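Chemist:
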Amino acid sequence: MRTPAARGGKTGRWDRIARFRASSFPLVKTAAFLSSSGWQRRAGLVLLFLLVARLAAMVLIPLNDTTEARYAEIARKMLETGNWVTQWHAYGVPFWGKPPLSAWLSAGAMGLFGVNELAIRLPSLLLALGMLWLVFGLARREDGPDAGHAAALILAGGLLFYTAAGTVMTDPALVFAATLCQAAFWRAWRDGDRRWGYLFFAGLGLGLLAKGPLVGVLVGMPLVAWLLLRREWRPLWARLPWLGGTALMLAIALPWYVIAEIRTPGFLNYFIVGEHVHRFLTPGWKGDLYGFAHATP
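In structure tokens form, the structure reads like this:
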């Protein structure tokens, strides 16, 4: 782990924290412990095996969960009707519970490869591979190839991640967007490359299309906590393109929100207030007819 330089010839606070983490948590030493000839090849083979096994499961196991069935049918109706703005829970009954990015991807895959389990699930697998690439690239840049392979292997071997990779749901798109934001922020902060700053805001735009304002919470909370610990707010304004980046984020996400409200008036109130306020603060709230698909196949 790289730390700010110590001041006045004394060991800095962040150097002490880094040494404490390295001595207290064995996973920090994983890459160094496993570093040996052939380690990267073995890690690559394990990752390849996990990929092949997941692909086989995507083909052989039918849709067997209400979440998968619900979002798969919403995507199928999108492809059938040609309506890429409004998601339909049933014909004539819009689904307002989530933005359409995942449905767009699944419907597009079905348009290319037919209506089948593999096509419907393929976007989630590709998003998971994108997350692995981001994590691998960031760890390799910071600590070398062994760390990159170890980080990718640890992530790919996680049960929740491995299950979601290839499952029809909205979470893979959201987590990919949040991962892109985190990786892009770090590169923009460390390297001062404003192109990564624009990718940070692009990730926020994708997150708004994946699951809405929740992406701001997932990205903002750890970054704010990290900045509070470092007490370095001023570089934040210089290293991120706030005006251009915000414009990019809005250009990605805002058109769909506006058109969706025009097509089905009341959507914004339901989605913003209902899904993001009442869902967490109102006991027993389950949504109205247009969002109640959360609780039905």
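All letters in the sequence shown, in the order written, are residues 21 to 317 by our numbering. Even glycine gets a Cβ: it sits at the ideal position worked out from N, Cα and C. Model, not experiment: these values are computed from the prediction.
1) DSSP on Ala110, reduced to helix/strand/coil?
2) What distance in whole Å lies between the Cβ atoms of Gly186 and Trp78, which are believed to be in contact at a cut-off of 8 Å?
3) Scan the region 177-239 and note each continuous alpha helix (DSSP H) run of 4 residues or more that stays entirely inside, going in chain order.
4) The alpha helix (DSSP H) that contains Glu281, what's its start and end?
5) Thinking C-beta only, is Gly265 closer than 8 Å to Gly212?
6) Taking the alpha helix (DSSP H) that Pro143 belongs to, which residues open and close that run?
7) Please report the Cβ distance between Ala176 and Met130, rounded to the nearest whole angstrom; I am assuming they are in contact, meaning their Cβ atoms lie under 8 Å.
8) DSSP three-state label for Pro82, please.
9) Kindly indicate which three-state DSSP category Thr302 falls into: helix, strand or coil?
10) Are three or more beta carbon pairs between the region 242-258 and the region 272-280 nearer than 8 Å?
11) Return the chain-ordered list of same chain residues with a C-beta closer than 6 Å to the C-beta of Leu226, the five sequence neighbours on each side being excluded.
12) With a CB to CB cut of under 7 Å and the five nearest residues on each side skipped, what residues in its chain are close to Ala245?
13) Using a Cβ distance threshold of 8 Å, determine whether the region 110-118 contacts the region 58-69, with at least three qualifying pairs required.
14) Under a Cβ-count criterion, where at least 16 other Cβ atoms within 10 Å of its own Cβ denotes burial, should Met241 be classed as buried or exposed?
15) Taking just the CA atoms, how far does Arg90 sit from Ala123?
16) Just reading off the alpha helix (DSSP H) that Trp257 is part of, what are its end residues?
17) Using 8 Å for Cβ pairs, my map puts Val188 next to Ala92. What's the rounded Cβ distance?
18) Within the same chain, show all residues whose beta-carbon is closer than 8 Å to that of Glu281, passing over the 5 residues directly before and after it, in chain order.
19) For a quick check, are the C-beta atoms of Pro192 and Ala148 less than 8 Å apart?
20) Give me the residue from Leu238, Ala170 and Gly178 with the minimum Cα distance to Thr199.
21) Using beta-carbon positions only, say whether Leu234 and Leu180 come within less than 8 Å of one another.
22) Whole-angstrom Cβ separation of Phe133 and Ala139, contact assumed at under 8 Å?
23) Return the first residue and the last residue of the alpha helix (DSSP H) that Gly128 is part of.
24) Between Leu101 and the rest of its own chain, which residues show a CB-CB distance below 8 Å, the 5 nearest in sequence each way excluded?
Modeler: Checking against the coordinates, here is how it stands:
1) Position 90 of the sequence shown, counting from 1, holds the residue named residue 110. Assignment of Ala110 by DSSP, reduced to helix, strand and coil, places it in the strand class.
2) One-based indexing of the sequence shown puts residue 78 at position 58. One-based indexing of the sequence shown puts residue 186 at position 166. According to the sequence displayed, residue 78 carries Met and not Trp. About 5 Å separates the CB atoms of Met78 and Gly186; that is less than 8 Å, so the two are in contact.
3) The region 177-239 is shown to contain whole alpha helix (DSSP H) runs of 4 or more residues at 179-184, 191-211 and 214-230, in chain order.
4) Taking the first residue of the sequence shown as 1, we reach residue 281 at position 261. Trp262 to Arg283 is the span of the alpha helix (DSSP H), which, as asked, contains Glu281.
5) In the sequence shown, residue 212 corresponds to position 192, counting from 1. In the sequence shown, residue 265 corresponds to position 245, counting from 1. The answer is no: Cβ separation not under 8 Å.
6) What you label residue 143 is simply residue 123 of the sequence shown in a count that begins at 1. Pro143 -> alpha helix (DSSP H) spans Glu137 to Asp163.
7) In the sequence shown, the residue the question calls residue 176 occupies position 156. In the sequence shown, the residue the question calls residue 130 occupies position 110. Their Cβ separation, rounded to whole angstroms, is 26 Å, which puts Ala176 and Met130 out of contact at 8 Å.
8) Within the sequence shown, residue 82 is the residue found at index 62, counting from 1. Reduced to three states, the DSSP call for Pro82 is coil.
9) Within the sequence shown, the letter at position 282 stands for residue 302. Coil, per DSSP.
10) As far as the Cβ criterion goes, the region 242-258 does not touch the region 272-280, which means the pair count is below three.
11) Here residue 226 refers to the residue found at position 206 when the sequence shown is read from its first residue. Answer for Leu226: Ala197, listed in chain order.
12) Along the sequence shown, one-based indexing puts residue 245 at 225. Contacts found: none.
13) Contact between the region 110-118 and the region 58-69 is absent, because fewer than three Cβ pairs lie under 8 Å.
14) Here residue 241 refers to the residue found at position 221 of the sequence shown. With fewer than 16 other Cβ atoms within 10 Å, it is exposed.
15) As a working note, residue 123 is residue 103 in the sequence shown. As a working note, residue 90 is residue 70 in the sequence shown. Taking the CA atoms as reference points, Ala123 sits about 11 Å from Arg90.
16) Reading the sequence shown from its first residue, position 237 is the one you call residue 257. Counting along the chain, the alpha helix (DSSP H) containing Trp257 begins and ends at Arg254 to Arg259.
17) Reading the sequence shown from its first residue, position 168 is the one you call residue 188. Reading the sequence shown from its first residue, position 72 is the one you call residue 92. Right, their Cβ atoms sit about 5 Å apart.
18) Looking up residue 281 in the sequence shown gives position 261. Around Glu281, the same chain offers Phe287 and Leu288 as residues with beta carbons nearer than 8 Å, after the five sequence neighbours per side are excluded.
19) For the purposes of this step, residue 192 is taken as residue 172 along the sequence shown, with counting starting at 1. For the purposes of this step, residue 148 is taken as residue 128 along the sequence shown, with counting starting at 1. Against a cut-off of 8 Å, the Cβ pair of Ala148 and Pro192 comes out as a contact.
20) If you number the sequence shown from 1, residue 199 lands on position 179. Checked all of Leu238, Ala170 and Gly178; the closest Cα to Thr199 is Leu238.
21) The count along the sequence shown starts at 1 and reaches residue 234 at position 214. The count along the sequence shown starts at 1 and reaches residue 180 at position 160. Taking C-beta atoms as the reference points, Leu234 and Leu180 fail to come closer than 8 Å.
22) For the purposes of this step, residue 133 is taken as the residue at position 113 of the sequence shown. For the purposes of this step, residue 139 is taken as the residue at position 119 of the sequence shown. The Cβ separation is near 4 Å, so the contact holds.
23) As a working mapping, residue 128 is identified with position 108 in the sequence shown. Where Gly128 is concerned, the enclosing alpha helix (DSSP H) stretches over Leu121 to Phe133.
24) As a working mapping, residue 101 is identified with position 81 in the sequence shown. The sequence shown places Thr at residue 101, rather than the Leu named in the question. Cβ within range, chain order: Trp108.
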